[in-house]
Structure formats: C-alpha cells, structure tokens
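First comes the structure, then the notes that go with it.
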Amino acid sequence: MILVINYPYSNMKKHILLALIIFSGFQLNAKTQSWVQRVEPTYWWTEMNQSEFQLMLYGANLKSAEISISYPGVTIVRKSVTDNPNYLFLYLNVAKGTLPGKFNIELKKGNHMQTIVYELKKRRNGSAVRKSFTEADAVYLLMPDRFANGNPANDSIAGYIQGVHREIPGARHGGDIAGIISKIPYLAELGVTALWTTPLFDNNDSAYSYHHYACSDYYKIDPRFGRNEDYARLSDVCHSNGLKLIIDVVPNHCGSSHWWMKDIPAKNWFNTWPTYTSSNYRMTAWTDPHAAESDKYRLTHGWFAPNMPDLNLQNPLLFDYLRQVYVFWIETANIDGMRVDTYPYNDIKTAARFVKSIRNEYPNMNVVGECWIKTPAEIAYYQSGNNNKDGFDSQLTSVMDFCLKDVFSAAFNEPESWDGGLARFYLLYAQDFVYSNPNMIMNFLDNHDIDRYSTAVKRDVNKFKMGLAMLITTRGYPQIYYGTEIMLEGIPGDYQGHRFDFPGGWVADKRNAFTAEGRTTADNEVFNYLKVLLNYRKNNPVLQNGMMKQFIPENGLYVYFRSNNEKTVMVIVNNNTEAKELNLSRFGEILSGKSIGTEITTGKTYELQNSVSISGKTVLILDVH
Ligand SMILES: [Ca+2]
Ligand SMILES: [Ca+2]
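To convert, count from 1 in the sequence shown and add 221; that's my numbering.
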C-alpha cells in the first residue's frame, strides 16, 4: 500500500502541467492532484535475494527532484532517468536484516515537496524456496471471463469501457475470480492439480478486452474480475483444495490502453516503426542457421497486434520494471508456477535473462513457455538444459508440445499408413531424444488459441476419449482446457469459437454442466472417463515420470508402456473401426512374468496369455501385474 501526502502546487508547476496537457495530451486526474501520481511497485519486501529494487515514480517533471529516505537498512543506490522528464527510476537497496515497516520517501524540488509513505512487507515463510508445478501435475487452463460469473455486480464498472454483452462473441461475458473460486472444488473433483488462468490484470481496451493479454495496469487486477485481494484468495482456495496456481506472464506486449501510452516513459520503451508493422510471426527464424538478421528483427520488433504495443525488454529500466511485476504477484498472490506467453517474440536472449531474473528469487520455480513451433527440434531448443550448440538456455523448464497437438487432431481421423494414423504418435515420440527432459513437456489437445478438440474429432465420443486416454498416459504432463472435460463445442478457425462460456457458469444458463445432472449423457461419459484417468495419474507416479517404451504400430494397433519400480501400465490403442485381436508375443520384454491386466477405467481384468481383444476406436489402459 502507498499513502500519498500532498503539498500545494507552485505556480511554476501549474505552467509545466499546462504545457504537458497541451503538448502531450497528458491529463491530470482531478481527484488525485498530487505531484507524484504513481509509485510502482506499490509495495515491496525485505529479505529478497536481489536486495536492490526499482521504484518507478511518475509525476510532472520529477526527473530532477531531490530525494531522501531515512530508514535503517534502506539506501538509495541510484536515480535513473530517461528522455521523459516525468519519470524517475529510483533504485533502492534493502540490506539483509532490514525490518519490515513503513518509511517516508521525501521528494523536493524548489518549494515543491511531497512525502510518500512506502511499505516493505515481510515475506511468507519459505517464500523463496516455494515448490512449483512438476510433471506430477495436471494443469487446467481457463479464461476467467468465460468460466463462471460469481459476481454480477462487477460486470460493469464505472470508468471501464466495456461492460457485459454475452450475446456478442467477442465482448465481455462477466466471468470473474469469484466465479473461479466457487468452482475450485469441482476442479479438485475432476482431478486436476494446477490451475493456469489467462491474465487477470487491468485491461481497459475498447474492444476484445476480455482476453486480458493487453494490460493497462500491471499492479491492478481488473475490477471486473475482482480486487487484488481476490487473486490472493483464489490462490488460498486453490492451495486448500490441492491445486497449484500458475500465472500467465506476458513479456512481449502491453495494451494500447496502458497508462504509459498517454506519456511514454522513454523513446525506446516500445519497439516502434514509422508506420504500423506487424511481426512476421516466423518464430522459426531463431533456430534457422541461415536466417537473415532482418527477419529476426521483424519477428521481435514487429507488433503482435495493433492494440498491443511491443515492449522493448532490452531497455534495462523496463526489464527491471517488468521483472518486479511478476515477483510482486508471485509474492502477493503466493503463485506456484509461471507460463510465459509468446516467448520467441522477444529477443530470446533477453527473454532468457528475464525469466532467469525471476527464477533467481525462486530457484524451484518451473516455467512453461509458449514456443508455438511445429518441429520437436525447434521446440526442444527452448527447453532449459538442452545443451544447444550456440549455448542458448531459455530458462524455460518446460515447453508446450504443439507437434503432439497436431497429431492428436489428425491421427484418429485418417487411415493407417507408414506415417499416418497412429504412426504419427510413434514417429513423434521417437524424436524425444532432442528434449532435455521429456517428462517436462506440457501436452494438450486444445487451448484458447486453437480449435477445440471436439471440433477436431467432430464430437465423436470414441475418438474424443482416445485423445484423452493418450493425453493422460503419454510422457510429459497434461493440460486440460476448460470445457474439454464436457466436450464443449467450438467453431473451427475462430478465436471466439474457441472460447465459449462454460455452461452453468451463469445463473441464467439453461443447464449447469458443473453438475452431473446438467451434463448430457455424452458429457458425463467424457467427464467421468477423464476424472478416472486424472485421479489415477494423480495417485500413480508411473504415469507422471515412469519410463516410456513404444512398439511400432501394426494393423492399426499401437502399444506403449509406462513403467517404474512399482508399476507397469500397458496402453493399447485400436484406431480401426472394428474390434481387433492383439497378439501379445511382441511384448515379452515387458510382459514377461506378468499374467493379468486390470483396465484402469473399468476395472475389467484381462488375462495376458496369447492375445487381448480390443474394440474399435478404443484405448485400453492396463495396469499389468
Ligand atoms: Ca462478474
Ligand atoms: Ca516483440
């Protein structure tokens, strides 16, 4: 918390402000006529590993203000300024042993003075060594605006451009943190163990603000989602229900409604062009040994979207500012893990330094990066520890498998061939040698940016369940997109069509799919199947990090095993429409000495003698013993 004590303006100050209003379009909020209008981060902590931190002070012509602080342990290291005189970056050192508490920051310029009361808080016990999500987890991804509306009173907020229009696909629909909190027990029942929400920060754009990737204030949870305290409450409720909470980190861009845009902190704060220039979106340029420098430049300096000013993290002041944003929220909301958005759209060496600078505070923190590329070799380049020839280490402990996602979308819809159908899985996993840690690959059938899996398999329940079975039993850890547990429909190739409201998240909804009664027969078949799979995975490390062994697909049948010292799980996939008899003689190297297989979702037992019969378009998951 900050408390600002105001002193009257001098006449000279009024002139400067008037000039600013005229020449930069900057307007002072009449209610907060203090000299210093913003102090960020809004509070900080003692006993951080990095004892130095940056305070961004914003106010008219602050650049040359004299500053003094008197608090045992806190010293001013330096003042940094930019070409914009309205910003002052104050670097403070907080010595080890400094007591938490409040102190005054005195600013003075001529006869103009202001006192800012700043607070250093005490960190939670064990904050630095907090554990993170791991391959033992199953992650649930949701978009807060589209999941559940727990508080209709915050649907429209004075001063915020967009209210709720559920009838418009790209408008806000009213979901919020209170809604998510109310459904955490549902998620725990489903069997997921981590929650990744897309961003919750203030996003006051005039269109498509619901997705919140275009931030307008990093230190404020959007009031249409809740208050800052509600984010911490969400974390508490997650933790008390056995779920971890993952924050969506967006280092590439903010939003065009960000308050910076009214008075840009420095000429090189953003990547700018004479006229609007988009990225070339060719992330492959980073790993291409033949890539032209101009292509890399356009990839990183071009904007992701017109309403998302492209941040230049190579500006050290911005780098520190944004690093602290995420440390602030990890501390404030007791966050367990990070997901990094659009990683390769940044200069990747800077992005790596950025992630490392946060992990320096949290050495156990796992970070999954969105590197949306379509070959294992390129994705593997971004997994930390990959021993790349050029020495690059992304600091991402986990990467998302966009290749496997494509295989899931295609394999059950096409005939078997040398490289089609189930051979797609076989050939993809065969390339896992490129990954430093295949267990830490995030697998998914769908997410908020791509077609829903229900679309990919045309709502065929059998194919859908095949996808779920393989998602939960393969190497790596699964991510479930909200609604996938009930085969929620979508519209192919349409962002809005990937993000329908969860039925039952709104009081007025015709059905409540959060309950068995509100789900259709097909919904329940899918939900119950996934629930059993997730809970089995949760309780059986063999599916979390057990060794994987696969056999070449034959006759539309594909077999792989997961095993550890305690257990062996055999997964048999039949991609034929008709039932097949699987001859077991090929699998002796694992099945030797085992005679029974218990199917984990039905409890049915199979005698493992000569062969096993398996229905068409089905996966059998046998605990063999
Ligand atoms: Ca609401
Ligand atoms: Ca960029």
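We put the CB at the ideal spot given by N, CA and C, even for glycine.
Since this is a predicted model, take the numbers as computed values, not measurements.
Which residues bound the beta strand (DSSP E) around I662? 662-665
Quick one: what's got a C-beta closer than 7 Å to K770's C-beta in the same chain, skipping five residues either side? Y781, F782, I811
Should Y497 be labelled buried (16 or more other beta-carbon atoms within 10 Å of its own) or exposed? exposed
Quick one: measure Cβ to Cβ for N489 and N533, integer angstroms, because I've assumed they're closer than 8 Å. 6 Å
I'd like the list of long-range same chain contacts for V458, defined as Cβ closer than 7 Å, with 5 residues on each side in sequence excluded. I402, I405
Measuring from each Cβ to the nearest heavy atom of ligand 2, keep the ones under 5 Å and list them in chain order. N473, T521, D531, Y566
Run the CB neighbour count on Q275, radius 10 Å, all protein chains shown included, and call it buried at 16 or more, exposed below. buried
Hey, A601 and V655: beta-carbon distance below 8 Å or not? yes
Note down, in chain order, each residue of its chain lying with its Cβ closer than 7 Å to the Cβ of T508, except the 5 sequence neighbours on either side. E599, Y602
On a Cα-Cα basis, can you pick out the residue from G463, Y429, R367, L805 that is closest to D358? G463
Name the two residues that bound the continuous alpha helix (DSSP H) containing I600. 597-602
For N492, which residues of its own chain have a beta-carbon under 6 Å away from its beta-carbon, when the five flanking residues on both sides are left out? H522, D531, N533
Based on Cα-Cα distance, which residue from P537, L539, T505, I556 lies nearest to P565? T505
For N314: DSSP bridge partner residues: E273, T296
Taking the beta carbon of K801 as the centre, do at least 16 other beta carbons fall within 10 Å, making it buried, or is it exposed? buried
C-beta neighbour in chain D for K679, strict 8 Å: In summary, chain D is missing from the structure at hand, where a single protein chain is found.
Are the segment 374-387 and the segment 312-332 touching, with three or more C-beta to C-beta distances below 8 Å? no
For my contact list, I817 and L805 are in at a C-beta cut-off of 8 Å; report their separation, rounded to the angstrom. With a Cβ gap of about 12 Å, I817 and L805 do not count as contacting.
Length at least 4, wholly inside the segment 458-503: the alpha helix (DSSP H) runs in chain order: none
Taking 7 Å as the cut-off, does the CB of D451 come closer than this to any heavy atom belonging to ligand 1? no
Please confirm whether A734 and F721 have their CB atoms less than 8 Å apart. no
Classify M768 as buried or exposed, calling it buried when 16 or more other Cβ atoms lie within 10 Å of its own Cβ. exposed
Between I237 and the rest of its own chain, which residues show a CB-CB distance below 8 Å, the 5 nearest in sequence each way excluded? A caution first: I237 carries a pLDDT of 34, below 50, which makes its placement in the model unreliable, though a value can still be read off. Excluding positions up to five away in sequence, the list reads A281, N282.
Count the CB pairs spanning the segment 545-561 and the segment 467-485 that are closer than 8 Å, and state whether there are at least three. yes
Given 8 Å, three or more beta-carbon pairs between the segment 363-382 and the segment 294-311: no
What ranges does the alpha helix (DSSP H) occupy inside the segment 778-839, keeping only unbroken runs of at least 4 residues that lie completely in it? 809-812
Does ligand 1 have a heavy atom nearer than 7 Å to the CB of D397? yes
Where do the ends of the beta strand (DSSP E) carrying W417 lie? 415-418
Span of the beta strand (DSSP E) holding R448? No beta strand (DSSP E) contains R448, which DSSP labels as neither H nor E.
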